[in-house]
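Peer 1: Protein chains in written order, with the numbering used here: chain A, 36 to 258; chain B, 34 to 339. Think of the CB as a built atom: it goes at the ideal place given N, C-alpha and C, for glycine as much as any other residue. The structure presented is a predicted model; accordingly, all values stated were derived computationally and were not measured.
(1) Tell me, to the nearest whole angstrom, how far the beta carbon of residue 306 of chain B is from that of residue 277 of chain B; I am working on the premise that it is less than 8 Å.
(2) Taking just the CA atoms, how far does residue 309 of chain B sit from residue 71 of chain B?
(3) Looking at chain B, is there any beta carbon in it that lies within less than 8 Å of the beta carbon of residue 133 of chain A?
(4) Taking Cβ positions only, does residue 90 of chain B come closer than 8 Å to chain A?
(5) What three-state label does DSSP hand residue 51 of chain B in the structure shown?
(6) Pull the bridge partners of residue 139 of chain A from the DSSP assignment, please.
(7) Label residue 86 of chain A either buried or exposed according to how many other C-beta atoms from any shown protein chain fall within 10 Å of its C-beta, with 16 as the threshold for buried.
(8) What residues in its chain sit with their C-beta under 7 Å from that of residue 196 of chain B, if we drop five residues either side in the sequence?
(9) Return the CA-CA distance between residue 37 of chain B and residue 168 of chain B, expressed in angstroms with no decimal places.
(10) Could you pull out every residue in the same chain whose Cβ sits closer than 6 Å to the Cβ of residue 248 of chain B, ignoring the five residues on either side in sequence?
(11) Which chain A residues sit within Cβ distance under 7 Å of residue 141 of chain B?
(12) Thinking just about the alpha-carbon of each residue, which of A/123, A/138 and A/164 is nearest to the one in residue 249 of chain A?
(13) Please report how far the alpha carbon of residue 44 of chain A lies from the alpha carbon of residue 78 of chain A, in whole angstroms.
(14) Count the other C-beta atoms from every protein chain shown that fall within 10 angstroms of the C-beta of residue 184 of chain B, then say buried if there are 16 or more, exposed otherwise.
(15) With residue 267 of chain B and residue 302 of chain B assumed to form a contact (beta carbons below 8 Å), what rounded beta-carbon distance in angstroms separates them?
(16) What residues from chain B crowd round residue 41 of chain A, counting only those whose CB sits closer than 9 Å?
(17) Output needed in chain order: residues of the stretch 183-202 of chain B with a Cβ under 7 Å from some Cβ in chain A.
(18) Rounding to the nearest angstrom, what Cα-Cα distance links residue 340 of chain B and residue 288 of chain B in this structure?
(19) Chain A partners of residue 111 of chain B, CB-CB under 7 Å?
(20) In the structure shown, what three-state DSSP assignment does residue 40 of chain B receive?
(21) I'd like to know whether the C-beta of residue 49 of chain A is nearer than 8 Å to at least one C-beta of chain B.
(22) Note down, one range per segment and in chain order, each alpha helix (DSSP H) of at least 4 residues found wholly within the stretch 87-175 of chain B.
(23) Within the same chain, show all residues whose beta-carbon is closer than 7 Å to that of residue 258 of chain A, passing over the 5 residues directly before and after it, in chain order.
(24) Rounded C-beta distance between residue 96 of chain B and residue 54 of chain B? I'm assuming under 8 Å.
(25) Would you decide whether residue 191 of chain B is buried or exposed? Buried here means 16 or more other CB atoms lie within 10 Å of its CB.
(26) Give me the residue from B/297, B/131 and B/117 with the minimum Cα distance to residue 162 of chain B.
(27) Taking the DSSP output, what are the residues bridged to residue 253 of chain B?
(28) Is DSSP giving residue 275 of chain B helix, strand or coil here?
(29) Say whether chain A places a C-beta atom closer than 8 Å to the C-beta of residue 50 of chain B.
(30) Taking 8 Å as the threshold (C-beta atoms), are residue 125 of chain B and residue 175 of chain B in contact?
(31) Going by beta-carbon coordinates alone, are residue 94 of chain A and residue 245 of chain A separated by less than 8 Å?
(32) Residue 149 of chain A and residue 139 of chain A look like a contact to me (Cβ under 8 Å); what is the Cβ gap, rounded to whole Å?
(33) In whole angstroms, what is the alpha-carbon distance linking residue 227 of chain A and residue 161 of chain A?
(34) Are the CB atoms of residue 177 of chain B and residue 243 of chain B within a distance shorter than 8 Å?
(35) Buried or exposed for residue 90 of chain B, going by 16 or more other Cβ atoms inside 10 Å?
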């Protein structure tokens with residue numbers, strides 16, 4: 036587990052500027068609404084939360100699709116894979132790293148959402164429920180993308196992922212649909228079955244990715 | 034003696050996406066690197082050296098054939114824990130040099146406080162103590178190569194696999210690295226070294242192999258390979274070279290003269306020296322440089338293709 040955490044931590048560190056920009060975007064946008072002298076419109080708050088939650092999923096796909104490709108292109112992958120780690124551990128680290136960036140982003144969104152929802156009289160737990168669903172969707176979407184990126188260029192892995200997550204047997208699309216339909220007045224509860232299914236499928240796609248990557252040539256351009 | 038690294042009839046063919054074109058990087062390649070030796074792996078660009086190294090490290094799979102590293106099949110993660118690898122173009126994450134070395138050591142299962150202690154030791158060995166706290170993103174290529182070497186050494190590996198470890202280094206740093214490799218050998222480590230720095234290979238390697246177009250064309254102990262048994266070097270004294278009718282190909286120092294002759298002419302020359310009252314000090318096979326052997330093998334291979 037330690038190599039996985041080390042690789043994940045390193046990936047998180049490598050993405051810290053991107054994360055800082057995304058968090059700044061959330062904090063500035065949401066903070067402006069929160070600091071208004073009068074309570075913001077509830078529709079504006081809902082739109083902001085939904086918009087940023089959707090960004091998290093898209094960012095997850097984008098980050099995961101380029102993660103391995105960038106490592107190969109920069110040749111940094113060689114120094115990592117020359118150590119006593121398996122390819123499966125490497126992929127688990129990259130997946131965990133991608134997801135941890137997005138969880139940090141969603142956490143900051145949750146803080147802002149809590150402040151905003153309280154101002155418009157909605158229980159903060161609703162916001163966290165929505166973000167929990169977004170996090171689950173992000174995790175599965177990233178795992179699917181990592182799987183495709185083990186054998187395909189990001190430009191191919193990206194559309195393949197988008198096609199896959201649109202298939203109803205993978206809960207990403209269903210979770211996103213529920214996210215889009217969220218209305219705090221009607222309320223929302225966490226669909227545990229859907230979340231559980233997404234977590235199982237995440238493991239399945241990680242396993243597929245590890246299997247696909249196990250014997251893959253790490254060919255890099257020779258100087 | 035046990036082999037630290039063994040390639041057994043390895044062939045590697047790269048195919049294009051739809052298999053229309055292919056390039057063979059290694060052909061039926063066999064090689065054995067014994068424990069405790071420094072092995073030089075030589076060959077022109079495109080000979081397949083890096084491919085062989087990458088197969089051993091498990092980055093690339095052989096199309097056919099097999100091999101072992103520290104007794105385990107190529108690609109085995111547990112074997113890599115005891116290996117130090119330096120790629121030709123060093124690419125590391127941008128952290129301070131100390132953090133970078135610690136990160137790569139931790140990936141090999143090392144733990145504190147031993148990890149930090151070893152990281153500082155190896156950074157000192159590569160001459161980067163003062164720069165240990167600087168971000169390697171701002172390092173020159175030579176300094177980066179030294180950090181690369183440090184991360185390869187941090188786990189005190191039994192086998193070092195180095196691809197052009199001194200290509201970006203200045204002469205002083207090269208001497209440092211040479212001393213480092215010799216110290217590793219004295220400590221019983223094995224070094225598998227690919228390099229174009231032939232003079233260095235000549236100085237430190239116990240054995241060398243020449244790879245041309247994916248196949249080993251020559252292999253042996255460095256000293257033996259450098260000896261040219263067709264040419265003899267005769268050292269003599271107590272006789273003036275003019276008496277023997279020679280001069281042009283002669284080197285003289287402190288009354289001792291050295292002459293290179295074809296092996297077939299060795300005996301008649303020695304008799305002429307004796308007849309003139311001279312004394313033969315030594316007779317040895319002439320030595321060639323690795324560069325001469327390298328160029329000759331590369332040219333021979335080119336001619337064979339024509």
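Peer 2: The relevant details are as follows:
(1) As a first step, residue 306 of chain B is located in the second chain; it is residue number 273 there, counting from the start. As a first step, residue 277 of chain B is located in the second chain; it is residue number 244 there, counting from the start. With a Cβ gap of about 7 Å, residue 306 of chain B and residue 277 of chain B count as contacting.
(2) One-based indexing of the second chain puts residue 71 of chain B at position 38. One-based indexing of the second chain puts residue 309 of chain B at position 276. If I take the Cα positions, the gap works out to 46 Å.
(3) Numbered from 1 along the first chain, position 98 holds the residue referred to as residue 133 of chain A. Closer than 8 Å: no.
(4) Sequence index remark: in the second chain, residue 90 of chain B carries index 57 (1-based). Against chain A, the CB of residue 90 of chain B has a partner CB under 8 Å away; the residue lies at that interface.
(5) By one-based count along the second chain, residue 51 of chain B stands at place 18. The three-state reading of DSSP puts residue 51 of chain B in coil, since its state is none of H, G, I, E or B.
(6) Residue numbering aside, residue 139 of chain A sits at position 104 when the first chain is read from its first letter. According to DSSP, residue 139 of chain A bridges with nothing at all.
(7) Here residue 86 of chain A corresponds to residue number 51 of the first chain, with the count starting at 1. Its Cβ having fewer than 16 others within 10 Å, residue 86 of chain A is exposed.
(8) Counting from 1 along the second chain, the entry for residue 196 of chain B is found at position 163. Only 83, 86, 119, 120, 121 and 227 meet the Cβ criterion.
(9) Reading the second chain from its first residue, position 4 is the one you call residue 37 of chain B. Reading the second chain from its first residue, position 135 is the one you call residue 168 of chain B. Between residue 37 of chain B and residue 168 of chain B, the C-alpha separation is close to 35 Å.
(10) The residue labelled residue 248 of chain B in the question sits at position 215 within the second chain. Within the same chain, residue 248 of chain B has close Cβ partners 60.
(11) For the purposes of this step, residue 141 of chain B is identified with residue 108 of the second chain, where counting begins at 1. Here the neighbours are 118 and 119.
(12) Working through the first chain from its first residue, we reach residue 249 of chain A at position 214. Of the listed residues, the one whose Cα sits closest to residue 249 of chain A is A/123.
(13) Working through the first chain from its first residue, we reach residue 44 of chain A at position 9. Working through the first chain from its first residue, we reach residue 78 of chain A at position 43. Cα to Cα, the separation comes out at about 37 Å.
(14) For this step, residue 184 of chain B is matched to residue 151 along the second chain. With a 10 Å radius around the Cβ and a threshold of 16 neighbouring Cβ atoms, residue 184 of chain B comes out buried.
(15) Residue mapping note: residue 267 of chain B aligns to position 234 of the second chain, counting from 1. Residue mapping note: residue 302 of chain B aligns to position 269 of the second chain, counting from 1. Their Cβ separation, rounded to whole angstroms, is 6 Å, which keeps residue 267 of chain B and residue 302 of chain B in contact under 8 Å.
(16) Counting from 1 along the first chain, the entry for residue 41 of chain A is found at position 6. Simply 136, 139 and 140.
(17) With the criterion set as a beta carbon lying under 7 Å from some beta carbon of chain A, the members of the stretch 183-202 of chain B are 184, in sequence order.
(18) The displayed coordinates of chain B run from 34 to 339. Any statement about residue 340 of chain B would go beyond what the structure contains.
(19) To locate residue 111 of chain B, count along the second chain from 1; it is residue 78. Correct list: 119.
(20) In the second chain, residue 40 of chain B corresponds to position 7, counting from 1. Secondary structure at residue 40 of chain B: strand, using DSSP grouped into helix, strand and coil.
(21) To locate residue 49 of chain A, count along the first chain from 1; it is residue 14. Taking 8 Å as the CB threshold, residue 49 of chain A lines the interface with chain B.
(22) Along the stretch 87-175 of chain B, the alpha helix (DSSP H) occurs as fully enclosed runs of 4 or more residues at 110-113, 130-140 and 147-158, listed in sequence order.
(23) In the first chain, residue 258 of chain A corresponds to position 223, counting from 1. No answer about residue 258 of chain A holds up, because its pLDDT of 47 lies below 50 and its placement is not dependable.
(24) Position 63 of the second chain, counted from the start, is the residue given in the question as residue 96 of chain B. Position 21 of the second chain, counted from the start, is the residue given in the question as residue 54 of chain B. About 15 Å separates the CB atoms of residue 96 of chain B and residue 54 of chain B; that is not less than 8 Å, and the two are not in contact.
(25) By 1-based counting over the second chain, the position of residue 191 of chain B is 158. Counting the other CB atoms within 10 Å of its CB gives residue 191 of chain B a total of 16 or more, which places it among the buried residues.
(26) Here residue 162 of chain B refers to the residue found at position 129 when the second chain is read from its first residue. Here the closest residue by C-alpha is B/131.
(27) In the second chain, the residue the question calls residue 253 of chain B occupies position 220. Within the DSSP bridge table, the entry for residue 253 of chain B names B/241 as partners.
(28) Within the second chain, numbered from 1, the residue matching residue 275 of chain B stands at position 242. Residue 275 of chain B: helix per DSSP, three-state reduction.
(29) Locating residue 50 of chain B in the second chain gives position 17, counting from the first residue. Answer no: the Cβ-Cβ gap between residue 50 of chain B and chain A never drops below 8 Å.
(30) On the second chain, residue 175 of chain B is found 142 positions in, with the first residue counted as 1. On the second chain, residue 125 of chain B is found 92 positions in, with the first residue counted as 1. Cβ distance not < 8 Å, so residue 175 of chain B and residue 125 of chain B don't count as in contact.
(31) Walking along the first chain from the start, residue 94 of chain A turns up at place 59. Walking along the first chain from the start, residue 245 of chain A turns up at place 210. For the pair residue 94 of chain A and residue 245 of chain A, the CB atoms are not nearer than the 8 Å cut-off.
(32) Counting from 1 along the first chain, the entry for residue 149 of chain A is found at position 114. Counting from 1 along the first chain, the entry for residue 139 of chain A is found at position 104. Not confirmed; about 16 Å, so no contact.
(33) On the first chain, residue 227 of chain A is found 192 positions in, with the first residue counted as 1. On the first chain, residue 161 of chain A is found 126 positions in, with the first residue counted as 1. If I take the Cα positions, the gap works out to 15 Å.
(34) Along the second chain, one-based indexing puts residue 243 of chain B at 210. Along the second chain, one-based indexing puts residue 177 of chain B at 144. Taking 8 Å as the cut-off, the Cβ atoms of residue 243 of chain B and residue 177 of chain B do not count as close.
(35) To locate residue 90 of chain B, count along the second chain from 1; it is residue 57. Flag for residue 90 of chain B reads buried.
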